[in-house]
Structure formats: structure tokens, C-alpha cells
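Take 9 as the starting number for the sequence shown in this note's numbering and just add one per residue. Ideal placement from N, C-alpha and C gives every residue a C-beta, glycine not left out. Here is the structure we will look at.
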Amino acid sequence: MISKNDFITMSLDLNLFFLRIMKEHSFFLEIAFTPVNSQMAAEARNFRNSFEKLLSEATNLANGNVSRQAVESMQFVTQFTVDAERLTNFYTGVPFNTNLTKRELMLTPCDRHTPVSEQVVYSLNRRSYRLTAALAKFKDRLLNDVLSCRVFTLNYPLLIKHILREARFFMEMLDALNEKRDCIDPIDLIDQEAFWNRQMAEHAKFIAGLLDPTEEMLINTARMFGKEFDILTAESRQAAEKTYDIANVTRDSITATKRLRDFKAAGTQGLLECNIKSIIVPLLADHVLREANHYLCVLGVCSPDRA
């Protein structure tokens with residue numbers, strides 16, 4: 009069981025990270041539909057708006073109630089997020105609430121807890137769960153339609169599967185918190201390593217596939233990361249089965265994720281400065297950077313230092 013204050017802090021940390029991730033998943037789905045599927049684009053847009061409202065509510069609750077580690081890790085927002093939203097708005101015409109992003113940049117951690125009701129946070133968790141479950145159902149339906157050639161989208165089928173996996177993972181974490189289980193025991197950490205190493209591998213593969221073919225050095229680097237994290241994923245799974253030393257996997261995962269984090273940060277800055285040729289919207293680059301920051305925090309390395 010976890011204490012009231014820990015429940016509040018862990019819940020708000022989780023929601024601030026994942027609600028923005030889910031909001032952006034909805035956006036990535038929305039802009040990838042062709043005109044014939046305008047109704048599906050509208051569904052994705054409704055999800056985007058609904059997640060933004062929940063994120064705004066979570067942000068209102070979060071000041072003085074989030075962990076210093078999560079704030080400093082830049083997993084909620086990064087130094088690039090506002091500019092990435094503005095440029096992505098310019099490219100797509102889709103509006104972004106940059107004021108909400110700026111509010112998150114100003115969050116203060118829970119050195120002193122600001123009074124907030126445990127029941128209010130519990131309710132936020134349940135509503136986040138229900139909305140994410142609905143989005144997961146939408147993603148699952150879309151994936152089946154794409155794989156059976158009933159719908160065309162500019163998103164890779166693997167990307168849809170990837171973001172569906174993250175929605176289900178968020179739901180599992182919310183369930184664990186609302187049941188007051190400590191969701192950071194060693195077994196769960198091993199499972200999270202396997203999960204996030206797989207996600208990091210796929211990020212690298214998506215980056216390689218979305219870069220312009222002339223960006224050969226960046227493509228080769230991204231492919232190298234994809235292979236490296238494939239190996240780490242396999243080793244994490246072996247560790248979960250107690251056939252491999254988890255300490256070695258964790259050490260190697262931290263080293264690799266720091267390097268990938270720095271690659272993503274450089275890529276995000278390069279896209280914002282129009283120095284990289286690709287079909288990557290800047291917000292996608294910032295999105296995967298935040299996920300690397302989150303994973304490093306899971307691994308116990310929440311420092312923002314770019315070592």
C-alpha cells in the first residue's frame with residue numbers, strides 16, 4: 009500500500025506525462041487520415057480535445073503536488089515543446105494550447121504538499137482510464153482496418169500498434185495506483201524496462217523511416233539505435249525470466265537511453281531550425297524525446313543534465 013501523499017504525487021506525475029502523450033497520439037492519428045476518412049479524423053480530434061481538458065485539470069491540481077524528479081526530468085514538457093507546438097501548428101493548421109504548456113513549465117514540486125483531495129485525484133485517475141480505454145478501442149479498430157485494407161493512413165501500422173501499447177500500459181499503471189498497490193516494485197521495474205526498451209527501439213526505427221533518404225548519416229544512426237534496443241529488449245525479457253542479470257541490463261539501458269535521448273534532442277532542435285530534411289512534424293520529435301526522459305526517470309536517472 010502507498011501513503012495518501014505518495015498516491016497523489018504518483019498519480020499526478022503519471023497523468024501529467026501520459027495525458028499529454030495521449031493527446032498527441034490523437035493528433036498524430038488526426039492529421040494522417042485522408043479526406044475520405046474525415047469522420048475518423050473528427051473522432052481523433054475529439055479525443056485530442058478531451059485529453060487536453062483532462063491535462064489542464066491535472067495541471068491545476070499538480071502545482072505543489074508533483075515530484076521534483078519528474079519536473080526536473082523534463083518528461084512533462086521540454087525546452088522545445090512550446091516552439092514545437094507553434095511550428096507544428098504552422099505546418100498543419102491544428103491549434104495547440106501553448107498557454108497550458110507554459111503552465112506546465114512553471115510547475116513547482118511537492119516539497120510542501122498543496123492541499124488536494126485524495127478523492128479528487130482518484131476521480132481524475134478513473135476518468136483518465138475511461139478516456140484512454142476509449143482511445144485504445146479507437147486505435148485497435150483503426151489498426152484492424154488498416155491491416156485488412158479497409159482504411160489508409162499515413163501512419164505506419166507498427167506506429168498504431170506502438171501507441172496502442174502505450175495506451176494500455178497507461179491504463180495498467182492507473183489501475184495499479186487506484187488499487188493502492190505499489191507499482192514500482194522490482195518485478196514491475198523489470199517489466200517496465202522490457203516495455204520501454206521495445207518502445208525506444210521502435211522510436212529509432214520510425215525516425216529512420218521518416219527521414220529524407222538523403223539524410224544517410226542520421227538514418228544509419230537511428231538504425232543502429234533500433235538494433236541496440238532490440239538486443240536490450242530481449243535481455244530485459246530474459247531478466248524478467250531470471251535467465252539474465254537485471255543489473256547489467258539496467259546499466260546498459262541507462263547508457264543507451266542517454267545516448268538516444270541526446271540524439272532525439274539534437275534532432276528536435278535540428279527540425280525546429282530547419283536543418284534536417286524529413287517528414288517528421290516537430291511535435292513528434294519532442295514527443296519521443298519526452299518519452300526517453302520519462303524512461304530515464306523510471307531507470308532512476310531523472311537529472312536533466314545532458315551527459
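Three-state class that DSSP yields for residue i in the structure shown
| i | result |
| --- | --- |
| Val-74 | strand |
| Pro-194 | In this prediction, Pro-194 scores a pLDDT of 48, lower than 50, which makes its location untrustworthy; no coordinate-derived value is stated. |
| Pro-7 | Residue 7 cannot be examined here, being either before or after the span of the chain that is shown, 9 to 315. |
| Phe-161 | Checking the sequence, you will find Thr at residue 161 rather than Phe. Looking at Thr-161 - three-state DSSP - the assignment turns out to be strand. |
| Pro-43 | helix |
| Leu-115 | coil |
| Leu-307 | coil |
| Lys-272 | helix |
Short Cβ contact (8 Å threshold) for residue i with residue j
| i | j | result |
| --- | --- | --- |
| Glu-320 | Lys-31 | The chain is shown from 9 up to 315; residue 320 falls before or after that span and cannot be answered. |
| Leu-69 | Leu-115 | no |
| Asn-71 | Ile-16 | no |
| Ile-262 | Leu-292 | no |
| Asn-163 | Ala-49 | no |
| Asp-183 | Tyr-252 | no |
| Ile-288 | Leu-218 | yes |
| Leu-280 | Ser-286 | no |
| Ala-264 | Val-257 | no |
| Arg-56 | Ser-75 | no |
| Leu-108 | Leu-63 | yes |
| Val-306 | Gln-200 | yes |
Cutoff 6 Å; reference residue i; Cβ partners in own chain excluding five residues on either side
| i | result |
| --- | --- |
| Gly-104 | According to the sequence displayed, residue 104 carries Phe and not Gly. Cβ within range, chain order: Glu-93, Asn-97. |
| Thr-276 | Phe-88, Ala-293, Asp-294, Leu-297 |
| Asp-153 | Val-159 |
Same chain, Cβ closer than 8 Å to residue i, neighbours up to 5 away in sequence not counted
| i | result |
| --- | --- |
| Phe-25 | Ala-78, Gln-83, Phe-84, Arg-298, His-302 |
| Thr-140 | Phe-26, Met-30, Ala-175, Phe-178, Met-179, Leu-182 |
| Thr-106 | Val-90, Glu-93, Arg-94 |
| Leu-155 | Pro-165 |
Close-in-space but distant-in-sequence residues of the same chain around residue i (CB under 7 Å, 5 per side omitted)
| i | result |
| --- | --- |
| Lys-272 | Ala-293, Val-296, Leu-297, Ala-300 |
| Asn-205 | Phe-237, Leu-240, Thr-241, Ser-244, Ser-261 |
| Phe-36 | Asn-163, Leu-292 |
| Ile-171 | His-33, Lys-147 |
*Indicate whether the contact test is met: 3 or more Cβ pairs, each with one atom in the stretch 77-95 and one in the stretch 12-27, closer than 8 Å.*
yes
_Cβ contact (3+ pairs, closer than 8 Å) linking the stretch 208-219 and the stretch 231-249_ = yes
*In chain order, each alpha helix (DSSP H) run of at least 4 residues that lies wholly inside the stretch 82-157*: 89-100, 106-113, 126-155
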